[in-house]
Each structure stands twice: as C-alpha cells, then as structure tokens.
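In the order they appear, the protein sequences are chains A and B.
Each residue of the first sequence is one higher than the last, beginning at 145 in our numbering.
Each residue of the second sequence is one higher than the last, beginning at 145 in our numbering.
All remarks here apply to the structure that follows.
There are 2 protein chains.
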Amino acid sequence: MKLLHTADWHIGRTLNGYSLLNEQEQTFQQILQIAKDEQVDGVVIAGDIYDRAVPNPEAVSALNKMLREINLENNIPIYAISGNHDSAKRLNYGRDWMEYTNFHLNTFLEEAFHPIETDDIQIFLLPFFDPLDARVYYQKQGMPAEKVKKITTIADAMKLVIADMKKNFNNNKMQLLITHFSVTPNKDEEIELTSETTSKVGGLATLTADQFKDFDYVMLGHIHTRFASPDENIRYSGSPVKFNIKEARLKNKGKGVDIVTLEKDSISRVFKPLLPTTDLVVLEENWETLCDPKFYKKQPINKDWFAITIKNFDRSEHLQTNIRAELQKRYGTVVELDYESNQNDFDSQVNTTNISELSPEDTVEQFFETITGKDLSAPQKSLVETIFNEIEREKK
Amino acid sequence: MKLLHTADWHIGRTLNGYSLLNEQEQTFQQILQIAKDEQVDGVVIAGDIYDRAVPNPEAVSALNKMLREINLENNIPIYAISGNHDSAKRLNYGRDWMEYTNFHLNTFLEEAFHPIETDDIQIFLLPFFDPLDARVYYQKQGMPAEKVKKITTIADAMKLVIADMKKNFNNNKMQLLITHFSVTPNKDEEIELTSETTSKVGGLATLTADQFKDFDYVMLGHIHTRFASPDENIRYSGSPVKFNIKEARLKNKGKGVDIVTLEKDSISRVFKPLLPTTDLVVLEENWETLCDPKFYKKQPINKDWFAITIKNFDRSEHLQTNIRAELQKRYGTVVELDYESNQNDFDSQVNTTNISELSPEDTVEQFFETITGKDLSAPQKSLVETIFNEIEREKK
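Laid out in structure tokens, this is it:
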C-alpha cells in the first residue's frame, strides 16, 4: 500500500493579518499532482486541517474544494483526523456521507478503536484528544471512578488507548497509526532535532516514541517540521506551507510530503518537496542597505513576502519617515517588520507584529522569547497548548 | 411522488437564552416518524436549517445526526436549500458527497437552474439569495452592465431567475419549486392571513404569488406559520417548533408538516400536526392569581415553559421580592417575564427579555413594537432582513 502523508494544513491561517489561503491552494495543487503521479492508494491528513475551531467561510469553501478534488474528482481515498486546532464537532459534520467514497475521517476518540481494514494493513485513525476526553470516554466504558481519576497525563491516556487498539490487532496484517501529538524520541536515543524539540522527554503533555512500538508505522501531525520526527518509522510530514518567520529562517528545512510504501517486511519512505509559490524571505540589514537599489533589486521584490529586521536602527533619525511604507514601496509585501536598536532600549525592540492576529499559543511563545531570549521547549510548548485546549473546550 | 414539506428548523435557536435544541430534537423524531409512516419519496427542508451563519457545535452535531437518520439510516432522499439565516458557504460543505445518497442541497444561486429530475417531476432547489447575489451571478453570465444595474429588488431578480429556469422546463413533467422568501398573495386576492402578513404586497423585499404561476407547486420556507401561505399551491409549511411568545399566543395555529402528493393532473396536500414536548404557555394574570395554588396547580408546571405577564403590577409593593425566583419556584422554567403596570410608567413596561440573546432582526422588531405599539408589516420585516443580510454578507 502506497500512501501520501501530509499534515497541519491549517487552512485559513493568516501571517500577521496576511491571508495564506492563496499559497495554501497553490501548494495543495502540488500535493494533488504528487498523489496522482505516484498513483497512491490514499492521502493521509494527520490533523490541524483547519487553523481554528471556527474557520472563516472562505477557508471552509477552500477545504471543501481540495477534499473534493482528491476524493471525488480523482477517486483517491482520504484518511484524516482532527488536530488540536480543529473543532472535533464541527469537522465531524458530513463524515458519514464521506465514508461512501472512502474518505475516512475520525474526530472523536471513540471512533478510533476500529481500524480501516485493507487486505494487508489495519489503519488506525486516532484524532487529537486530551486527558479529559479520555476520562469521559473510559467512564462511559464503565471503568471504575478510582481508575478514571488516575488518567492525568496524555501518556496515561495513550497507554490505555493503545492497549485497547491492540485488542483489535490482526497479526496477519501490518498496523499503521495516524495521530496528532507531540512525540519525542526515547530517553536513551540521540536523534538530530530542530530547536523546537531539543528538550528531552516527559512533562505533562508529551509522548515518547516507545509508546508506539507496537505499530509498524506512525504518521504524525502537530509539529510543523519533518526533522522533529522521533524515530525512523514514527514520522512528522511537517506542514506544507511556512507559517512564520522562524520557519522561514530555517532555509534548509524544506517543506514536503512523504510517500510511504508499506509492504510486509518492507517499509520505504520517499520525501517529495513542495515549492512555495510566494516564499517568505527574511532580511536582517541596516536601513541604508535595505534602501540601496543595488541590494533590493537582487531580492525577489513584488513576488515573495518579506520579513525585515532593520539592524542598528536609530529611530530618532527617522522620525519623519513611514518606515513600513518606504519598505513596501521597494519590496512589495512586508508581512513583518522588526527593529534591532543599537541603543538597546526595550521600547525599540518591541516586535511590531500585530498581537491581535496571533494565536494565544503564539502570544505566550513570543512573550516568553521577548523576556527570556529563548524559545519554548517542546514540553513547555505542549503544556501551553494543553492549557489553551482546555480553555477552548468550552467554546467548541 | 409523495414529499414531506418542512422548513425553518432554525437548529441552535434559543428563546431568551434557553436552548430549544432538546425540543427541536424531539420534534424532529415526530417528523421522521411521519416520513416513515407515510413512506414518502423525499423530505423537503425549505431553508433556515440553522438559526445562524455560525451555529454552535452542539447545533452542528444535532443537525448532522438528524440528516443522517433521514438519509443514511432510513434511505429517504432529502431536498434542501439554505435560507437567509444559514451561511451559504458553510452549509455547502460536504454537499457533493451527500449527492451520492440522494441528499440534494443547494446553497448558491448558480446551483439552482438545473432541476433534480424524477420520472414525472422536475424539482428546482432555489436557495435564499438577494439582489446583489443576482447581480454578481448575471454579470458572470455576461449580462451587459447596463442591464445588471437594473436588478435592484428581489422581484427583479426573481423574474430573471424564473425565466432562466423555464428554459430547462420539460413539458412532459410537472415542475416543483422549493425556495425561501417572503411571498404575498396577488393584489386582487383575499386570503385570511396572520398579523405577520396582513400588509398588502410589494415593497422592495417581497414577491407576489403570480411570479410563481408557471410552477405546479411551490414549497416555501421563511415565514413560520403555514397560514401565511399565499396560494393553494404556493405553501409555507411553517416551522416545527414555537420560537417566540407571539407564536405561543396564537393557540389555534398548529405546528406541523405537509404531505404533498404530486401526480399529473392531481395534487393533494395533507397536514400532519406536530405536538410540542415542552410547550410554551403564555399567562397574563395578577400577581395574587399567579401565586395562588388553586391557579398554578392547574398549569403544566415543571413540564412546559412559561411566558408570564403580571397584570396590574405595582412594583413598590414588592421591592423585597425576587419576582422571577418566586415564579420559577411555582412554575418551573419561566422563559419570559413581563410586567403590565397600572401606573402606565414606561420603566415598568420595559420588557425583561435579554436583548443580547435576540437576533438583530428581532431587536429592531421589538423596538418598533415598543415605540409604535404595532408589529412590523411583512414588507417592513423583509426590508429589515434584507438590510441585515447585506451587513452579514461581509461576515459570511
């Protein structure tokens, strides 16, 4: 069986107020073309399909069209789950009709225990859930209150969930899991990781690779770079589009999808890159350089988007200048504008990002970075996400 | 062909903050039972399926389950359109998959021109739209700008739309139209109407029955009482649940669905009543009567919901009393509480309805009533709705 693995589409996302929808649609067409060229038996979308619980109507229309093109126009099966950014209840709408054309979608924990069966493979679709979802589920299953209370971390919950899945394992088949969590490598293993995941293990909100050892292959969503994959057969595909400056800075960290071929005793994985139509270019230069035609005419002006940090910037010398307007005149779209002062005053270092456009998680992350100068570690990031998920629960 | 005609489900609606979802689900079960007992060939839902453009997740789940029960569990075709309360873009999601099981849903004007064809009948599904939608549509069709500009009222637009539908009429079949508008009788006809529709004709936002004369039968949504139907074969089914005090006051105006049998040269219509599980009881009595066990013990206390107006009420005599709490103790759920003062002071007449729970349209209507003592006429109501629809357009 040959599957295309993608995740974290975040349809409807904006970057400092600039809609990424056009870029997402362009990138989708590349994904579809790869699926057709490779003649895959299915497209896996491992959660965070939308960017938010209540996506705007343009995002709803765009996603509908994409799913339609894969599943109805090209007759390619879809295996999808909801992520922490999706509303399980909203995304669930219509799934029973979609089953008729082999579009399989799970958004609730209780839907996850019975796999989709092919001749050789059992495909388990486990959507994002949190410990409270697990407590509710196991209480309904008649688990004693005493035992239910002990489900406090996602690791506790996952142990029970996987044990229950294993009851449905068919030993003559391979087992594939599709899920959406932060999974770190085992404690005793050394794997090259991006800065996002260098922190080791544990915490309340992360899982380790060894929990998934009974599956032949795990396709993950949640972390946006494929280099965060915790194991050879436990993989993040990464998101197809660059969503922030940090991702744009990691120039060698290409975006793409995995083509995974699962055969008894043989698993192969081939990375297929996706090329941005509108790239996000990070510039960190002096004001004089930025305004110099010799410099900026070499840039992909009026085509790509720019995130610009002006170095050694003394504001008092430019009080009459509309900095953003001057830069947009030369570069086109400037989605982020920062100042790096040589005076080291806090005020001039304040990020000009429009806070109201950031997600709550990103706001915390940015605040943490501003104060400590460090990124949130993977467990810290997961903890923040867990907290906001619990807050969001009411709204969903 | 035998069809069940219903409309205006408004799933997710609240009554002064009290959720109607349980009542809507109970009533749905009656509708489903009627459809099964009558062995209908389809269920028609003529718009305003949800109560708002962004229904809450419980409403989404509830509707999904209802549609699933009709279409997937009982294999009954569905013919549905969006109304002015629905978001055309959001409700459109998934419709292409639903087609596979004969769940036909149109939410955009451009989807309306090609009917669903049965052996004997052409079923045109025309969702709610406004003149601006029509201008955009006809511009795309290559209509000269001069002519497009002249589409200013819904009557202008409907004339063009129906003319285009007629190009697809098959004279060997009957034509059924399912749509969602305010339609009044022809000028020269006298039909008994409720207060909501006594105003005659016209205005910017209403249609008259004669515009639909080329259809054999028209199933309408929009107005919540079937007694507003403008013609013998141009019918409102009414909403299945009472949504406000005014509807509760009209005790003889029963809620229900129509079973319509369409055969060449023979159209029959049978009304099937729906019984409220939790009724809405309107009481207008003196405080002493309301507190008298001889009176209140005869009421359906702790079962139905109450809308209570206290007559001849002098507040100064009850400064220490929590009126609402005292009434709830005796009656159960009091969804609306009004005072009718014998002092005629404005303050004590102010409705205690929670304004924040009202739709914008209802807020205008209530304000109009408070100031003028009269209901909005049908054209006035349509005009208000048109204005809010145009405002909502941006959000949808």
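From the three backbone atoms N, C-alpha and C, an ideal C-beta is built for every residue, glycine too.
Check	Outcome
What residues from the segment 190 to 209 of chain A come within 7 Å of chain B, judged by C-beta to C-beta, listed N to C?	V198, P201, V204, S205 and N208
Between N236/B and chain A, is the shortest Cβ-Cβ distance under 8 Å, so that the two count as touching?	yes
What is the DSSP secondary structure of H258/A, reduced to helix, strand or coil?	coil
Rounded C-beta distance between V401/A and I175/A? I'm assuming under 8 Å.	6 Å
Assign S383/B to one of two classes, buried (16 or more other C-beta atoms within 10 Å of its C-beta) or exposed (fewer than that).	buried
Which residues of the segment 309 to 322 of chain A have a Cβ closer than 7 Å to any Cβ of chain B? Give them in chain order.	none
Check the Cβ-Cβ distances between Y245/B and every residue of chain A, and say whether any is below 8 Å.	One point to set straight first is that residue 245/B is Thr, not Tyr, in the sequence displayed. It does: the Cβ of T245/B has a partner Cβ on chain A nearer than 8 Å.
Using a Cβ-Cβ cutoff of less than 6 Å, which residues in the same chain neighbour D360/B once the five nearest sequence positions on both sides are dropped?	M318 and Q319
So which of H324/A, I178/A, T350/A and L394/A has the shortest CA-CA distance to Y380/A?	H324/A
Please list, in chain order, the chain A residues whose beta carbon lies closer than 7 Å to that of D240/B.	R212 and L216
Is the Cβ of K284/A closer than 8 Å to any Cβ of chain B?	no
Anyone know if the C-beta pair for L520/B and F532/B falls short of 8 Å?	no
So, does the CB of V528/B fall closer than 8 Å to a CB anywhere in chain A?	no
Which of the three DSSP states, helix, strand or coil, is assigned to M210/A?	helix
DSSP has T530/B in a bridge; who is on the other side?	Per DSSP, none; premise fails for T530/B.
Take the Cβ of S231/B as the centre, count every other Cβ of all protein chains shown within 10 Å, and call the residue buried at 16 or more, exposed below.	buried
Assess, as a yes-or-no matter, whether the segment 451 to 462 of chain A is touched by the segment 356 to 373 of chain A under the definition of 3 or more beta carbon pairs within less than 8 Å.	no
Using the rule of at least 16 other Cβ atoms within 10 Å of the residue's Cβ for burial, across every protein chain shown, is G286/B buried or exposed?	exposed
Does the Cβ of P288/A have 16 or more other Cβ atoms within 10 Å, making it buried, or fewer, making it exposed?	exposed
Taking the C-alpha atoms as reference points, what is the distance between L463/A and R196/A?	39 Å
Just the Cα atoms here: how many angstroms apart are L148/A and I322/A?	12 Å
Can you look up N250/A in the DSSP assignment and give me helix, strand or coil?	strand
For S552/B, does the three-state DSSP call read helix, strand or coil?	There is simply no residue 552/B to check, as chain B begins at 145 and stops at 540 in what is shown.
Does the Cβ-Cβ distance between T350/A and T328/A come in under 8 Å?	yes
From T433/A to M210/A, what distance separates their C-alpha atoms?	42 Å
Look at the alpha carbon of A299/A and the alpha carbon of T352/A, and state the distance between them as a whole number of angstroms.	8 Å
Hey, does S231/B have any beta-carbon neighbour from chain A nearer than 8 Å?	yes
Counting only the same chain and skipping the five closest in sequence on each side, list residues whose C-beta sits under 6 Å from that of E336/A.	A caution first: E336/A carries a pLDDT of 40, below 50, which makes its placement in the model too unreliable to give a value.
How many Å lie between Q355/A and D308/A at the Cα?	13 Å
Measuring CB atoms only, is the segment 203 to 223 of chain A touching the segment 187 to 207 of chain B, in the sense that at least three cross pairs come out at less than 8 Å?	no
Using 10 angstroms around the beta-carbon of T465/A, count the other beta-carbons present and answer buried if the total reaches 16, otherwise exposed.	exposed
Starting from W153/B, trace the alpha helix (DSSP H) in both directions and tell me its first and last residue.	Looking at the DSSP string, W153/B is not in any alpha helix (DSSP H), and its letter there is neither H nor E.
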